[in-house]
Amino acid sequence: MAAADRSSSRLSQRLKQNRLFRFALSVLTVAALVALLAPLLANHKPLYVQYHGHHLFPALSWQKVYRLEHEGRHEVLIVQTTDWKQLKASRILWPPVPYGPVQSDFRSAGYRPPLYCPEVQTGASSFFFCHWLGTGKRGNDVLAGIIYGMRTSLLVGIGSVALALLLGVLIGAVSGFFGDRQLRISIGRLLVWIIAWVLAWFYVFQADVLRLLWPDGTGVWLRLIGLLVVAALLLFLLHPLTLLPVLKQRVRLPADTLLSRFTEIVLALPLLYLLVMLAAVSKPSLWNVIWIIGLTGWTGIARLVRAEVMRVRELDFIRAARLLGLSPWRILWRHVLPNAWSPVLVSAAFGIGNVILAESALSFLGIGMPAEVPSWGALISSGRENMQAWWLIVFPGLCIVAVVLCFNLVGEALRDAMDPRHAAR
Amino acid sequence: MLSYVLRRLLWFIPTLLIISLLGFYASVLAPGDPLQRLIGEEPDEYPTAGLRLLRDQERRQWIQRMGLDLPVFYLELVPLAFPDTLHRIYDRNERRAARYWLLQSGSGDRVYRYRQALHQALLQAEMPPAEPDTSGAAGQKMELRTGLRRLLTSHSKTETDILLNQLYGQSRSDTAIGQRVQAVRDAYAALLNSSEHWKAYVPVVRFHMPNQYHRWLFGDGHWLSGSGATETRGVLRGDFGISYASHRPVSELLSGRIGWSVLFALLSTLLAYLISVPVGVHAAVRHGKRFDHLSSLILFVLNSMPSFWVGSLLILLLANPAVLALFPASGIMPAGGYPPDAGLLKRMLISLPYVVLPLIAYTYGSLAFLSRMTRQAMLEALHQDYVRTARAKGLPERLVIWRHAFRNSLLPLITVFSHVFPAAIGGSVVLETVFSIPGMGLEAVRAVTTQDFPVVVAVFTLAGLFSVTGFLVADLLYAVADPRIKYRS
Chain A
1 MAAADRSSSR LSQRLKQNRL FRFALSVLTV AALVALLAPL LANHKPLYVQ
51 YHGHHLFPAL SWQKVYRLEH EGRHEVLIVQ TTDWKQLKAS RILWPPVPYG
101 PVQSDFRSAG YRPPLYCPEV QTGASSFFFC HWLGTGKRGN DVLAGIIYGM
151 RTSLLVGIGS VALALLLGVL IGAVSGFFGD RQLRISIGRL LVWIIAWVLA
201 WFYVFQADVL RLLWPDGTGV WLRLIGLLVV AALLLFLLHP LTLLPVLKQR
251 VRLPADTLLS RFTEIVLALP LLYLLVMLAA VSKPSLWNVI WIIGLTGWTG
301 IARLVRAEVM RVRELDFIRA ARLLGLSPWR ILWRHVLPNA WSPVLVSAAF
351 GIGNVILAES ALSFLGIGMP AEVPSWGALI SSGRENMQAW WLIVFPGLCI
401 VAVVLCFNLV GEALRDAMDP RHAAR
Chain B
426 MLSYVLRRLL WFIPTLLIIS LLGFYASVLA PGDPLQRLIG EEPDEYPTAG
476 LRLLRDQERR QWIQRMGLDL PVFYLELVPL AFPDTLHRIY DRNERRAARY
526 WLLQSGSGDR VYRYRQALHQ ALLQAEMPPA EPDTSGAAGQ KMELRTGLRR
576 LLTSHSKTET DILLNQLYGQ SRSDTAIGQR VQAVRDAYAA LLNSSEHWKA
626 YVPVVRFHMP NQYHRWLFGD GHWLSGSGAT ETRGVLRGDF GISYASHRPV
676 SELLSGRIGW SVLFALLSTL LAYLISVPVG VHAAVRHGKR FDHLSSLILF
726 VLNSMPSFWV GSLLILLLAN PAVLALFPAS GIMPAGGYPP DAGLLKRMLI
776 SLPYVVLPLI AYTYGSLAFL SRMTRQAMLE ALHQDYVRTA RAKGLPERLV
826 IWRHAFRNSL LPLITVFSHV FPAAIGGSVV LETVFSIPGM GLEAVRAVTT
876 QDFPVVVAVF TLAGLFSVTG FLVADLLYAV ADPRIKYRS
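Line by line, the protein sequences are chains A and B.
According to the working numbering, the first sequence holds residues 1 to 425 in order.
According to the working numbering, the second sequence holds residues 426 to 914 in order.
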């Protein structure tokens, strides 16, 4: 591991010298903070209200309804629908952007240009309630939409790239490390594995054994857990089969060929059309988009990891580990992978940028993404209804470009820092 | 070489198979009832028994025409309790309920008898009352109908118990129905008393030969020659069924549209190569100079811009009467279509202004990628010994660059064709929407918003086919271009 440590410290030094990298990283940090703190930065509910002696925190609390009592009168305030800007509060503290991402606002409906300041009847100065980047058709604030859109973009980007990384590293590492000759397994074990998983699928999804425990139906997650449990049980029960002498013969699994072909097939699936089809079949949901992109986006990472692992496995210290008799899985996990992570990092950075582009295209089309989730693509798409409202197209687009550019810069800097030939040139 | 090409073509098959399976299963899972889309909803009550029978006949005809009563796939792994006629229950909710009772009782016979009793009771309840309505009998019958229909789709024991008790109470005034409901109750009791529970836990593999996938793929005639096909000739022969929205064959609907998508994908790919090769070569030759830095920076920024945004901006700036109206904003030809006597050349001239903006938006994305690739490959090549030798020989720099270095950097450029072309096909969904180009992508978006599944599935399968073809072409070109590469099996 010493080699890896030394190279990584040299790497971070080289990265620190790269100004563009530092710049991009700080922009992304700010973006992540904005995404995390979105409800505190932009909200149509105030952070704090002092109202007839009551202290309310509408933006922060889970409470949906306030039942207040003052001077013998009862008042009910529904948090979501109360017009807080009209409230005669003695003290009120607004977030920096006092508007929500998708909420309509009759005061500024009908495509108001940037810097439009509506008349708001409260103690706060009306300057504070300006729409800095204009509004959309229903008076929805563009700046607030952009702030919440950051959340959606980063969530989809990071979520699906994390899934893609998991799959890509696993598949690439196995096919690169074991190649076509090294993965040996006894026939009995192979049979038991196949039979156990097929039967587990049968009992959980066809024979529905879970109904014996939960007669009123089960959700997807419970079924998946059930699948694992049943498979584990069957593996245990069928284990004696592997002890039969007839089935003890070991065969080679051509892991590399199989996985490479599989990678090629997945690579050929047209992602956008796949998402379009999924949108037609299921209800729009953010998670669907994330897992579909994750499940199809690992191919590039797998190829990189495979190449890198093939390089590393021929190095001397790996041979030494083999000679020591360590198990191949342990060598792969503890010694090969830590030395092969650099291209993964690069493609993860580029990957997030690409996924953000894909997500914005989807929400632009209004396909797959639920309509109530605020996103940059949806803002741009709403701007196309009215060509005069250029601010709806320009500002969210600039945000996409900025974030994607920063991820690409990070990726580029990482690549440069890791590639010795680049540095020399 | 030949064996490599053959092997490559063989690998084409499983990929297409998986794409077709995905497309097919999406069409099976698609929500909503295809029959309802084609012949309309079922009425609640039929004025006469004859009408109900006619309607049933019509439904059955359509089900048979579309092959909806066939099993889904060649193979299935099901509990022994499932009869191999389960797929004939057409309604998805009813089938789900039937599966539930089969698992509960383990007896196919008893479930069959229970469902038959339910259907007979429902038939009775759907008949109009014999004499004019006097004592609220019609309202009572309506309640009976809804109760019985819910029973048909109920997959819960508690719900069924409650519903049956209710029905029993409601049906006592009418002897004809009362008898039928009693029959249902008896069949239900028999169902619960079954002694064949074990059958629900024994797996069997069943093979179905006429099945929906086979029919979808090969049509309903002979699978190889296609002779004798009556309803569908199968996806492999270009028959994707009937569009729900327009009731026209999908293939007819798409055939005029694929042309535009492929045209734009090819044109933009060509254009991207034409621009990026000189830029990339130039940047590599002037490595580290101003042109290199500037072009790299610009291309890097271009690469981070979403194409639909660039397209929207182009329209906003260049096709907007308020700013500059140099180009038409959308479509591919004038609203009235081409003049009838226009030849191909004239039509191209008419369409030219419509094509400019979309082509820019299509091209710029792959432009950045291709230029970087060219630059990289050229840098690699320019550092080789043979280039130094060529220079030392005193060859003119032009010849050194283009004949010695560039030729050898062609290889990576060819391989990335397999990225660029599928990307252009995929990008068509977005850009065809932005510019209202009547291509496959626009049709896909329309089909999704109107839930027109046959069209969605067809478009997906075709897009998959195109991108796989792109990969194949790139691989074969690669094999042709580089004589050094030996393809051993």
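Using N, Cα and C, we set each Cβ at its ideal position, and we do this for glycine too.
Since we're looking at a predicted model, the values are computed, not measured.
For ALA744(B) against PRO753(B), the beta-carbon gap comes to about 6 Å, under 8 Å, which counts as contact. The DSSP-derived three-state label of ASN386(A) is coil. In the three-state scheme derived from DSSP, where H, G and I count as helix and E and B as strand, PRO270(A) is classed as coil. Leaving aside the five residues that flank GLU519(B) on each side, the residues in its chain whose CB is nearer than 7 Å to its CB run, in chain order, LEU577 and THR578. DSSP assignment within the region 17-72 of chain A yields the following whole alpha helix (DSSP H) runs of 4 residues or more, N-terminal first: 19-36 and 38-41.
By the Cβ-count criterion, LEU592(B) is buried, with 16 or more other Cβ atoms from all chains shown falling within 10 Å of its own Cβ. Not one beta carbon of chain A lies nearer than 7 Å to the beta carbon of VAL841(B).
The beta-carbon of GLY851(B) is placed less than 7 Å from the nearest beta-carbon of chain A. Between MET803(B) and VAL706(B) the beta-carbon gap is near 5 Å, inside 8 Å, which marks them as a contact. Membership of SER363(A) in the alpha helix (DSSP H) is indicated by the continuous run 342-365.
Beta-bridge partners assigned by DSSP to LEU749(B): ASN745(B). Excluding the 5 residues flanking it on each side, ILE293(A) has same chain C-beta neighbours closer than 6 Å at SER160 and VAL355, in chain order. Neighbours of PHE21(A) in chain B, taken as residues at a C-beta separation under 7 Å, are lacking, since the least C-beta distance is about 14 Å. Taking ARG658(B) as the centre and dropping the five residues before and after it, the same chain places the C-beta of GLY644, GLY651 and ASP664 closer than 6 Å to its C-beta, in chain order.
Looking at the DSSP output, HIS74(A) sits in a beta bridge with GLU69(A). With respect to VAL312(A), VAL336(A) sits close: the two C-beta atoms are nearer than 7 Å. SER619(B) is not a Cβ neighbour of VAL882(B), given a cutoff of 7 Å. Only residues of its own chain outside the window of five on either side were considered, and among them ILE400 and VAL404 have a CB closer than 8 Å to the CB of LEU357(A), listed in chain order. Chain-ordered listing is empty here: chain B has no CB closer than 9 Å to the CB of ALA307(A), the nearest sitting near 15 Å. Counted as a single uninterrupted DSSP element, the beta strand (DSSP E) harbouring SER186(A) occupies residues 184-186. At a cut-off of 7 Å, the C-beta of GLN206(A) has a neighbouring C-beta in chain B. Using a Cβ-Cβ cut-off of 7 Å, GLY705(B) does not count as an interface residue toward chain A, since no Cβ of chain A sits closer than that to its own. VAL855(B) sits close to ALA361(A), with the two beta carbons spaced by under 7 Å.
Residue contact with chain A for PHE498(B): absent (no Cβ-Cβ distance below 7 Å to any residue of chain A). With the criterion set as a beta carbon lying under 8 Å from some beta carbon of chain A, the members of the region 442-470 of chain B are ILE443, ILE444, LEU447, GLY448, ALA451, LEU454, ALA455 and PRO456, in sequence order. Here the alpha carbons of SER791(B) and PHE725(B) stand approximately 11 Å from one another. Among the CB atoms of chain A, none fall inside 7 Å of the CB of SER530(B). Interface criterion met: the Cβ of ASN408(A) is under 7 Å from a Cβ in chain B. For PHE878(B), the C-beta contacts it makes with chain A under 7 Å involve ALA280, in order along the chain. Closest option to PRO456(B), judged by alpha-carbon separation, among ASP877(B), PRO628(B) and LEU505(B): ASP877(B). At least one C-beta of chain B is nearer than 7 Å to the C-beta of ARG384(A). Within the region 677-755 of chain B, the complete alpha helix (DSSP H) segments of 4 residues or longer fall at 715-728 and 732-743, listed in chain order. If you draw a 10 Å sphere on the C-beta of GLY713(B), you find fewer than 16 other C-beta atoms in it, and that means exposed. The beta-carbon distance between LEU495(B) and ASN590(B), rounded to whole angstroms, is 38 Å. This is too long to meet the 8 Å contact definition. Pairwise C-beta distances place the region 171-188 of chain A in contact with the region 248-263 of chain A, as three or more of them are shorter than 8 Å.
The way I'd put it, the region 152-167 of chain A does touch the region 289-309 of chain A; three or more beta-carbon pairs between them come closer than 8 Å.
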